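Residue numbers (the working numbering): 3 to 379.
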């Protein structure tokens, strides 16, 4: 099995690309919900303030580590939380199930704080636990939550790509998936009796949308996470810092339209592929997405990473694969060599310092020469 190119062309592709390349939102990402493949990104790794889309993270951790049947008594501190609320009353007792619904459907900041206080004692402690929990579950690297609701804190941040990963993880939970898709809920408490309506407007206007969360604080602008499904494919769109909610909706719609119309499934057949360094790898049957006019190359890079790139050498898909039995992975050899070199080099440097006590500047040339001799074949 060798590297290959495939070419498809559809005239509408250029127009679709123009639409998503003119997004109003400061950062954005479009992800395939099944594989996690990034289909489009605009500064997706830039740190941004999330606002109320934080509640996706709060909801999934509560669903997985808490108990919806638990009940909690509302404190004064909880009732004093600013912003959108479900008008909790000090001293009343509500279930965690109802509070999660109030937090995610109506974006109640007070409901989020009540959950945090019940399980962790404070917003900040809950948020710290949530950050650690989701880093462990999803591998996100550039997110730091300081509260459960998203009210502004300069140290409360995430990225579009991290939020997409969090949402993808959350959507694996059937309770979250159902909750995220809930349009209305009859709310009954001492302070408020009403029917709360989901704030995500695309849930009502776009037949493909299955859930998500919107947000707004001044520092964050308008933020929006959206999940959508069509013809068996699921997409996740995240847009951050749009100038208004209409722009966030329009950007999201453009991304989803692009994902559902301009991309197609490509298949890599099961077989054996050889990398440039002569190692043969066992390739399973794999499916990925590519633009309908994309010329793609499939290779196995050193270390066992099957990589699909387009004609501009952009990575479309990466999958770790295993070498055939009896063949050593190049990365394993490199690791052993690097560890041995490091130990030898440290011993050498310490020995030199002990013998002559030279200045650091005097030792540098010999240090560099030693490394050059060691690593050069």
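We put the CB at the ideal spot given by N, CA and C, even for glycine.
These figures come from a predicted structure and were not determined experimentally.
Assigned exposure category for residue i - 16 Cβ within 10 Å defines buried
i, result
"residue 111", "buried"
"residue 163", "buried"
"residue 121", "buried"
"residue 78", "exposed"
"residue 204", "buried"
"residue 286", "exposed"
"residue 127", "exposed"
"residue 300", "buried"
"residue 101", "buried"
"residue 339", "Caution is warranted here: a pLDDT of 47 is assigned to residue 339, below 50, making its placement in the model unreliable, and no coordinate value can be reported."
"residue 206", "exposed"
Residues near residue i by beta carbon distance below 6 angstroms, same chain, minus five either side
i, result
"residue 324", "284"
"residue 105", "57, 113, 114"
"residue 189", "196, 198"
"residue 95", "73, 75"
Contact under 9 angstroms by Cβ, residue i with residue j
i, j, result
"residue 221", "residue 26", "no"
"residue 52", "residue 159", "yes"
"residue 117", "residue 150", "yes"
"residue 262", "residue 233", "yes"
"residue 31", "residue 166", "yes"
"residue 326", "residue 177", "no"
"residue 297", "residue 39", "no"
For residue j and residue i, believed in contact at Cβ under 8 angstroms, the rounded distance
i, j, result
"residue 247", "residue 216", "7 angstroms"
"residue 50", "residue 242", "4 angstroms"
"residue 321", "residue 282", "So it is not a contact: roughly 16 angstroms between Cβ atoms."
"residue 152", "residue 219", "7 angstroms"
"residue 142", "residue 168", "7 angstroms"
Of the residues the options, the one placed nearest residue i, counting alpha carbons only
i, options, result
"residue 91", "49, 44, 71, 195", "195"
"residue 311", "102, 41, 48", "41"
"residue 212", "219, 239, 321", "239"
"residue 129", "61, 260, 186", "61"
"residue 201", "268, 54, 124, 138", "54"
"residue 381", "44, 93, 290", "Nothing about residue 381 can be reported from this structure: the residues present for the chain run from 3 to 379 only."
Residues near residue i in its chain [Cβ-Cβ closer than 8 angstroms; skip 5 each side]
i, result
"residue 171", "62, 136, 139, 140"
"residue 175", "62, 65, 66"
"residue 84", "111, 153"
Close Cβ partners of residue i (< 7 angstroms) along its chain, the five nearest in sequence each way excluded
i, result
"residue 47", "144, 161, 163"
"residue 157", "146, 148"
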